[in-house]
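Enquirer:
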Amino acid sequence: MDHFARPDDELAVAQREGVLHRNFQGYTTQGDTDLLGMGVSAISMIGDCYAQNQKELKQYYQQVDEQGNALWRGIALTRDDCIRRDVIKSLICNFRLDYAPIEQQWDLLFADYFAEDLKLLAPLAKDGLVDVDEKGIQVTAKGRLRA
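Pasting the structure below:
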């Protein structure tokens with residue numbers, strides 16, 4: 001985790017219990033919840049979509065008046081985006097990744113789907129930053145210091 005928290009802080013407790021989450025705003029104890037951004041340049045996350053409001057105040061008000069909303073741009077995540085998001089979230093929240101839940105949720109074989117990516121972890125494993133085996137990835141104590 002790229003934050004410092006007291007041992008009794010809800011984020012530290014959630015991490016120890018394996019229930020810490022992360023969204024585009026940071027770490028949270030809340031699960032995957034929709035976030036509706038309000039105001040200039042606000043970002044929303046609804047399901048697998050992200051959207052941003054107009055960044056300039058004048059354009060924001062003009063668009064609200066004309067269209068009833070201030071949406072400027074957005075993106076719908078692909079299946080691959082969602083899979084990778086889940087993998088990254090597990091690693092940054094728990095410092096470990098068990099392949100089985102990803103394989104079950106996304107109906108894939110982790111070693112096949114991420115074959116090229118897993119090869120890229122070899123230098124990190126050699127340096128003692130991660131342990132990689134057939135069941136998952138574990139960030140080592142040394143690796144946590146560099147996270």
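Okay, so the sequence shown: first residue is 1 according to full-length UniProt numbering, each after it adds one. Every residue gets a Cβ at the ideal spot worked out from N, C-alpha and C, and that includes glycine. This one's a predicted model, so the numbers in the text were calculated from it and none came from an experiment.
1) Between I46 and the rest of its own chain, which residues show a CB-CB distance below 8 Å, the 5 nearest in sequence each way excluded?
2) With distances taken between CB atoms, is the gap from Q105 to R73 smaller than 8 Å?
3) Among the candidates L77, S41, A100, whose CA atom is the shortest distance from the CA of Y60?
4) Beta-carbon within less than 7 Å of F110's beta-carbon, same chain only, minus the 5 sequence neighbours each way: which residues are those?
5) Confirm the yes/no value for this check: CB of L145, any heavy atom of the ligand HEM, distance under 7 Å.
6) Does L124 come out as helix, strand or coil in the three-state DSSP assignment?
7) Taking just the CA atoms, how far does V87 sit from L71?
Expert: Reading from the atomic positions:
1) Taking the first residue of the sequence shown as position 1, residue 46 is located at position 46. The answer, listed in chain order, is D34, L35, L36.
2) For the purposes of this step, residue 105 is identified with residue 105 of the sequence shown, where counting begins at 1. For the purposes of this step, residue 73 is identified with residue 73 of the sequence shown, where counting begins at 1. Contact: no.
3) Numbered from its first residue, the sequence shown carries residue 60 at position 60. Nearest Cα to Y60 within the set L77, S41, A100: S41.
4) Stepping through the sequence shown from its first residue, residue 110 is reached at position 110. Counting only Cβ-Cβ distances below 7 Å, and skipping sequence neighbours, we find Y99, I102, E103.
5) What this structure holds is no ligand at all, so the ligand HEM is not there to describe.
6) Counting from one through the sequence shown, the residue named residue 124 turns up at place 124. L124: helix per DSSP, three-state reduction.
7) Locating residue 71 in the sequence shown gives position 71, counting from the first residue. Locating residue 87 in the sequence shown gives position 87, counting from the first residue. Using only the alpha carbons, I get a separation of about 29 Å.
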